[in-house]
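Enquirer: Numbering (our numbering), first residue to last: 212 to 523.
Backbone N, C-alpha and C define an ideal beta-carbon position, used for all residues, glycine too.
This is the structure I want to talk about, given as structure tokens.
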Amino acid sequence: KKKIIIDTDPGIDDAMAIFVALRSPEVEVIGLTTIYGNVYTTLATRNALHLLEVAGRTDIPVAEGSHVTINQGTKLRIADFVHGADGLGNQNFPPPKGKPIEQSAATFLIEQANLYPGEVTVVALGPLTNIALALQQDPTFSKKIGQIVLLGGAFSVNGNVNPAAEANIFGDPDAADIVFTSGADVLAVGLNITHQVVLTDADRDKLVQSNGKFAQYLSRILEVYFSYHHEAYFTRGVYLHDPTTILVAINPSLVTFTEGVVRVQTTGITKGLTILYNRQKRFGEHTEWSDKPTVKVAVTVDAPTVVNLVLD
Ligand code: BDR
Ligand code: CA
212 KKKIIIDTDP
222 GIDDAMAIFV
232 ALRSPEVEVI
242 GLTTIYGNVY
252 TTLATRNALH
262 LLEVAGRTDI
272 PVAEGSHVTI
282 NQGTKLRIAD
292 FVHGADGLGN
302 QNFPPPKGKP
312 IEQSAATFLI
322 EQANLYPGEV
332 TVVALGPLTN
342 IALALQQDPT
352 FSKKIGQIVL
362 LGGAFSVNGN
372 VNPAAEANIF
382 GDPDAADIVF
392 TSGADVLAVG
402 LNITHQVVLT
412 DADRDKLVQS
422 NGKFAQYLSR
432 ILEVYFSYHH
442 EAYFTRGVYL
452 HDPTTILVAI
462 NPSLVTFTEG
472 VVRVQTTGIT
482 KGLTILYNRQ
492 KRFGEHTEWS
502 DKPTVKVAVT
512 VDAPTVVNLV
522 LD
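Next up, the structure:
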């Protein structure tokens, strides 16, 4: 079984992703690490513990992540207007009984990578601060971690925070640039992929009508997420960012990808922009690009299969 750690800012689509992972027999979820993004980190931790209680999986440890960006300077952007003030569709769930473990997210990531070298996949569903901290704290982390599959970027399409930037990259662009240039085995799933993966209003009715425990729970929290999408986008449905990323981590053949150098714009009106440089021969004159290790970037997706797997 593939061991995965989910780094997450729950978050409605994060909740879907966590449930998909827990229902997938191909993987073993060995921990959740938390990060700000859809909500502040303290609430992300509470939501992670809550979701594991809903799933009956309190055996899985939760390690709390960073409360600030890697450079500690930037004001956080919190997407509560997408996910509700509580991050989970304003449902007033009772507080979780469980507590996070003592270790920080970055320390937990390093420890697990040391314990199972090359075997742990990190699925990163929020800003990349924790992963960047792990890379800084342990320079061998990039080689000990198996793969980093991340929801991040908007490759040659508009962003969702500003026209250039996707939210998880915008949340900590410096951390994202560290991760993309670290030499780790990275696979990026961006908005160019997830804006093709839509859970329609009709699909949501299927969830509402299902007796399944997760379907019932998700149809409650999804209401706020649908309202936001109906207002913000032309599409009649919601984007399945994080569940798509989990499914790609489990089964990479759901996407095709290209390989190249990715750098991140960290300031200005295009802050959070992800640029992919994937020429066959990279010339030496632009060393900020040509000297950097490459990553994989998803370019096509089997969207109907992903939607059906999520519904299943
Ligand atoms: C990403 O940002 C978060 O709001 C979502 O949970 C997803 O991970 C989409 O840009
Ligand atoms: Ca997320």
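Classify Thr456 as buried or exposed, calling it buried when 16 or more other Cβ atoms lie within 10 Å of its own Cβ.
Expert: Buried is the call here.
Enquirer: What did DSSP end up calling Phe445 once you bin it into helix, strand or coil?
Expert: DSSP places Phe445 in coil when its eight states are reduced to three.
Enquirer: With distance defined between alpha-carbon atoms, name the residue in Ser353, Asp218, Asn282, Pro272 nearest to Glu313.
Expert: The shortest C-alpha separation from Glu313 is found at Pro272.
Enquirer: Between Gln348, Asn422, Gly471, which lies nearest to Val506 when the distance is taken from Cα to Cα?
Expert: Closest option to Val506, Cα to Cα, is Gly471.
Enquirer: Exposed or buried, what is Asp383 when buried is set at 16 or more other beta-carbons lying within 10 Å of its beta-carbon?
Expert: Under this definition Asp383 is a buried residue.
Enquirer: Using a Cβ-Cβ cut-off of 6 Å (strictly less than) and excluding sequence neighbours within five positions of Glu239, which residues of its own chain qualify?
Expert: Taken in chain order, the residues that qualify are Lys212, Lys214.
Enquirer: Taking the straight line between their C-alpha atoms, what separation do you get for Thr478 and Val368?
Expert: When rounded, the distance between both Cα atoms is 19 Å.
Enquirer: What residue range does the beta strand (DSSP E) around Gly242 cover?
Expert: Note, Gly242: beta strand (DSSP E), 238–245.
Enquirer: Quick check: the region 443–459 against the region 214–234, are there 3 or more CB pairs under 8 Å?
Expert: In short, these stretches touch, since the Cβ pair count reaches three.
Enquirer: To the nearest angstrom, report how far apart Val419 and Gln302 are at their CA atoms.
Expert: Looking at the two C-alpha atoms, the distance is approximately 16 Å.
Enquirer: Does the distance from the CB of Gly394 to the CB of Gly483 come in under 8 Å?
Expert: Result no, Cβ atoms of Gly394 and Gly483 do not sit closer than 8 Å.
Enquirer: From this set, Gly222, Ala232, Ala316, which residue's C-alpha is nearest Asn462's C-alpha?
Expert: Among Gly222, Ala232, Ala316, the Cα nearest to that of Asn462 belongs to Ala232.
Enquirer: May I have the straight-line CA-CA distance separating Gly357 from Thr245, to the nearest angstrom?
Expert: Cα to Cα, Gly357 sits roughly 19 Å from Thr245.
Enquirer: DSSP puts Leu484 in a beta bridge; with which residues?
Expert: According to DSSP, Leu484 bridges with Ala376.
Enquirer: Which same chain residues end up closer than 7 Å to Leu262 when comparing Cβ atoms and leaving out the 5 residues on each side of it in sequence?
Expert: If we look at Leu262 and ignore the five residues flanking it on each side, its Cβ neighbours are Pro221, Ala226, Ile229.
Enquirer: Indicate, with yes or no, if ligand 2 has a heavy atom lying under 7 Å from the CB of Leu336.
Expert: Checking every heavy atom of ligand 2 against the Cβ of Leu336, one is found closer than 7 Å.
Enquirer: For Tyr327, name the three-state secondary structure that DSSP assigns.
Expert: In the structure shown, Tyr327 sits in coil (DSSP, three-state: anything other than H, G, I, E or B).
Enquirer: Taking its Cβ as the centre, do 16 or more other Cβ atoms sit within 10 Å of Ser315, making it buried, or is it exposed?
Expert: Buried, since its Cβ has 16 or more Cβ neighbours within 10 Å.
Enquirer: What's the C-alpha gap between Leu361 and Lys503?
Expert: Whole-angstrom Cα-Cα distance: 19 Å.
Enquirer: Identify, in the order they occur along the chain, each residue of the same chain with its Cβ nearer than 7 Å to the Cβ of Val333, setting aside the five sequence neighbours on each side.
Expert: Counting only Cβ-Cβ distances below 7 Å, and skipping sequence neighbours, we find Ile216, Asp218, Leu320, Ile342, Ile356, Ile359.
Enquirer: DSSP three-state label for Ala296, please.
Expert: Here Ala296 sits in coil by DSSP.
Enquirer: Would the C-beta of Leu361 count as close to ligand 2, meaning under 7 Å from any of its heavy atoms?
Expert: Result no, Cβ not under 7 Å from ligand 2.
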